[in-house]
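Working notes, beginning with the structure itself.
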Amino acid sequence: MSKRRPLISGNWKMNLNHFEAIQAVQKLAYRLSPDDHKAVDVSVHPPFTDLRSVQTVLESDDIPIALGAQSCHWAESGAYTGEVSPVMLAKLNVAYVIVGHSERRQLFGETDTVVAAKLRAVLAHGMTPILAVGETLEQREEAMAEATVTSQLQAAFTGTSADDGDGGQVPPARPLTAHQVGQLVIAYEPIWAIGTGRTATPDDAQVMCSTIRSTVADQAGKEVAGSLRVQYGGSCTPANAPDLLAQADIDGALVGGASLDPDSFAKIVQSVPRA
Ligand code: PGA
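The working numbering runs 168 ahead of the 1-based position in the sequence shown.
Structure below.
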């Protein structure tokens with residue numbers, strides 16, 4: 169058994185208004201037992217407009233579910249219409265922030281430079297980034313899955329200089345220290361598996377998560393790599409979770425669709441192998 173504490177995270181994406189969010193988190197809390205919480209860390213990532221309501225429920229009822237966000241801006245404040253800063257999230261006791269989700273990369277133009285800047289902003293404000301990486305179907309078919317994920321990780325770890333693209337809009341990012349790398353959670357999310365009902369086989373997911381751990385070891389050493397949590401994401405359900413979560417290098421899941429249903433999400437939490 170690995171000593172890593174599993175983390176199951178529910179990424180609600182742009183679903184559930186603040187009333188629905190309160191209900192969902194209350195139902196989830198009811199379905200999870202003290203034994204579940206003893207064995208597994210659980211986080212929920214509602215839309216920004218729900219965060220304060222969910223925070224209030226979690227704190228007033230003493231529910232041991234961590235509050236997460238789906239993204240944030242890299243700056244502390246400023247003229248960034250429509251954005252939410254890491255300072256605002258930290259003030260709501262947000263513990264985890266997803267950075268570099270493929271929907272942000274593909275639909276909202278987030279480059280490796282943006283991802284690197286956001287990652288450092290989340291760390292600087294005492295929250296844990298869940299860094300999402302993953303390949304497209306085309307990259308997988310061209311046998312480029314491992315190279316793609318490794319390059320996304322290296323870009324995030326190494327940082328960027330002032331000359332890197334994005335028209336100088338994004339601040340340069342210094343290389344992460346080994347200690348900082350050790351503070352991350354990494355989510356392997358093959359893009360072709362997200363919201364499609366297609367899941368990576370447990371063996372393929374294990375190979376990719378083990379590649380991620382080796383890349384972390386190259387950057388930050390074996391000890392950091394051995395304690396860093398790597399999640400699998402992409403059409404994770406109560407049916408496929410037990411096999412995925414039994415893999416040696418998979419320490420949890422980043423769950424989209426199935427996290428909207430408290431029953432399904434609780435079952436995924438309960439599929440984590442127990443010592
Ligand atoms: P999915 O989403 O579980 O609906 O495939 C996963 C994710 O994008 O985090």
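Each residue gets a CB set at the ideal place from its N, CA and C atoms; glycine is no exception. Keep in mind the model is a prediction, meaning the values are calculated, not measured.
_Residue closest to Leu287, alpha-carbon to alpha-carbon, out of Phe325, Val255 and Ser319_ = Phe325
In the DSSP assignment, find the beta strand (DSSP E) that holds Arg397 and state where it starts and stops. Arg397 to Gly401
Check for me: the beta strand (DSSP E) holding Pro410 runs from which residue to which?
Per DSSP, Pro410 belongs to no beta strand (DSSP E); it is in the alpha helix (DSSP H), Ala409 to Leu413.
| request: Please list, in chain order, all residues of the same chain as Val437 whose beta carbon is under 7 Å from its beta carbon, the five residues on each side excluded. | output: Ile176, Leu200, Asp204, Val208 and Val210
Using three-state DSSP, classify Thr328 as helix, strand or coil. strand
Which residue spans inside the stretch 335 to 403 form an unbroken alpha helix (DSSP H) run of at least 4? 346 to 350, 370 to 388 and 390 to 395
Under the criterion of a Cβ to heavy atom distance below 7 Å, does Cys404 qualify as lining ligand 1?
-> yes
Please classify Tyr264 as buried or exposed, where buried requires at least 16 neighbouring CB atoms within 10 angstroms.
buried
Notebook entry, point to check: Does DSSP put Val317 in a helix, a strand or coil?
Noted result: helix
ask   = Mind checking whether the beta-carbon of Asn183 lies closer than 7 Å to any heavy atom of ligand 1?
value = no
Q) Can you name, in chain order, every residue of its own chain whose Cβ lies under 7 Å from the Cβ of Gly302, other than the five neighbours on each side? A) Ser270, Val317, Tyr356, Glu357, Pro358 and Ile359
Legend entry - Separation of Trp242 from Asn408, as counted between CA atoms: 35 Å
### Message
So, does the stretch 385 to 394 touch the stretch 417 to 431, judging by three or more C-beta pairs under 8 Å?
### Response
no
Nearest-angstrom beta carbon gap, Ala189 and Val222 [assumed within contact, 8 Å]: 5 Å
Checklist entry - Helix, strand or coil: how does DSSP classify Ser432 here? => result helix
Which residues in the same chain have their Cβ closer than 8 Å to the Cβ of Thr379, if we skip the five residues on either side of it in sequence? Glu314, Val317 and Thr318
For this session: Take the Cβ of Gln337 as the centre, count every other Cβ of all protein chains shown within 10 Å, and call the residue buried at 16 or more, exposed below.
Result: exposed
If I follow the unbroken alpha helix (DSSP H) through Asp204, where does it start and stop? Pro202 to Ala207
Margin query: ligand 1 and Ala192: does any heavy atom of the ligand fall closer than 7 Å to the residue's C-beta?
Written below: no
_Within a Cβ cutoff of 6 Å, which residues of the same chain sit near Asn185, ignoring the five residues on either side of it in sequence?_
none
- Query: Exposed or buried, what is Pro214 when buried is set at 16 or more other beta-carbons lying within 10 Å of its beta-carbon?
  - Reply: buried
- Task: May I ask whether a heavy atom of ligand 1 can be found less than 7 Å away from the beta carbon of Val423?
- Result: yes
Checklist entry - Which residue comes first and which comes last in the beta strand (DSSP E) that contains Tyr264? => result Tyr264 to Val267
- Tell me which same chain residues have a C-beta within less than 8 Å of the C-beta of Gly296, skipping the five on either side of it? The amino acid at residue 296 is misidentified as Gly; the sequence shows Thr. So the list reads Ala263, Tyr264, Val265, Val290, Gln351, Leu352 and Val353, once near-sequence residues are dropped.
| query | Is Ala323 near ligand 1, with its Cβ less than 7 Å from a heavy atom? | reply | no
- Message: DSSP three-state label for Ile190, please.
- Response: helix
Check your understanding: Looking at the structure shown, is Leu260 part of a helix, part of a strand, or coil, going by DSSP?
Key -> coil
Notebook entry, point to check: By Cβ distance, which residues of its chain are closer than 8 Å to Ala292, with the 5 residues on each side in sequence left out?
Noted result: Pro254
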